[in-house]
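Residue numbers (the working numbering): -5 to 277.
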């Protein structure tokens, strides 16, 4: 049986403990800032990105990887004898899946599956983690695909943004548009639903927003184990660490990862975002 290589994009921004454990191949998106272009997570890292964002008069934009970037990687992995599964950021907020599908079509001799995770950031990372575990135990490409598709129905992500300004300017605001113009100090709670960013509700303080992320996750998660959780954030590591400790007290989880949001995702949600993703009931 051929081994399965796992490909994802830079927005998953996997924590180091997963990268160290599994051979996962990453194709970066782009951050475009005026005349400069950066590879997400390669040429620009979160710390530098947010420092620059604070001082910049202009917001950056983002763009998907080229077809060629996927084609080169797919060809290399195929030549090395791998079947390939690419698990990528939702097509509802990025064209990355489209680039990968077009690259696949250029390589009909290769066994490639391109999966739209229908979510983003380390919520996609939870899908990758599940597939990586299976692939390491010898799962076939079809078995890995089945796990990735199952993960879509077993993953939930909710997040609180400091402001809707970045989502609005970046054109990713979706159903959260109805919260625009709300009073100051109102914190929007958002979710990924059907592959797009949608509004859930508003709360009055940051503390209540974090409490609501926990209660929403409890309401939605499967009662069946295992429970995998991830806290991810944009430039608020102390808040995220404190929140993770609270999450650890509230859930009986197999793993609780903590991760940053990549510069590409940070472009659209802005600093101060905190999210909680849960994958449960996969067994």
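No residue lacks a Cβ here, since even glycine has one placed at the ideal position from N, Cα and C. Just so we're clear, the structure is a prediction, and the values are computed from it rather than from any experiment.
| Check | Outcome |
| --- | --- |
| For residue 253 versus residue 89, is the C-beta spacing smaller than 8 Å? | no |
| What are the complete beta strand (DSSP E) segments, minimum 3 residues, inside the segment 11 to 86? | 18 to 21, 24 to 27, 30 to 33, 55 to 57 and 77 to 82 |
| Considering just the uninterrupted stretch of the beta strand (DSSP E) at residue 190, what are its terminal residues? | 190 to 197 |
| Among 9, 40 and 2, which one has its Cα closest to the Cα of residue 230? | 40 |
| For residue 256, which residues from the same chain have a beta carbon less than 6 Å from its beta carbon, with the 5 sequence-adjacent residues on both sides left out? | 4, 5, 7, 34 and 35 |
| Residues in the same chain with beta-carbon distance under 8 Å from residue 189, minus the five sequence neighbours each way, listed in chain order, please. | 84, 85, 86, 87, 110, 112 and 113 |
| Let me know the beta strand (DSSP E) ranges lying completely inside the segment 208 to 246, each 3 residues or longer, listed in chain order. | 221 to 227 |
| I need the DSSP call for residue 201, collapsed to helix, strand or coil. | helix |
| Helix, strand or coil: which one does DSSP assign to residue 175? | Model confidence at residue 175 stands at a pLDDT of 45, short of 50, so the residue's coordinates are unreliable; what they give is reported in the following sentence. Coil at residue 175, not helix or strand. |
| Could you have a look at residue 181 and say whether DSSP puts it in helix, strand or coil? | strand |
| Please go through the segment 134 to 163 and give each complete alpha helix (DSSP H) segment of 4 or more residues, from N-terminal end onward. | 135 to 147 |
| First and last residue of the beta strand (DSSP E) that includes residue 6? | Run containing residue 6: none; DSSP gives neither H nor E here. |
| If you run the structure through DSSP and keep just helix, strand and coil, what is residue 99? | helix |
| Rounded C-beta distance between residue 72 and residue 97? I'm assuming under 8 Å. | With a Cβ gap of about 11 Å, residue 72 and residue 97 do not count as contacting. |
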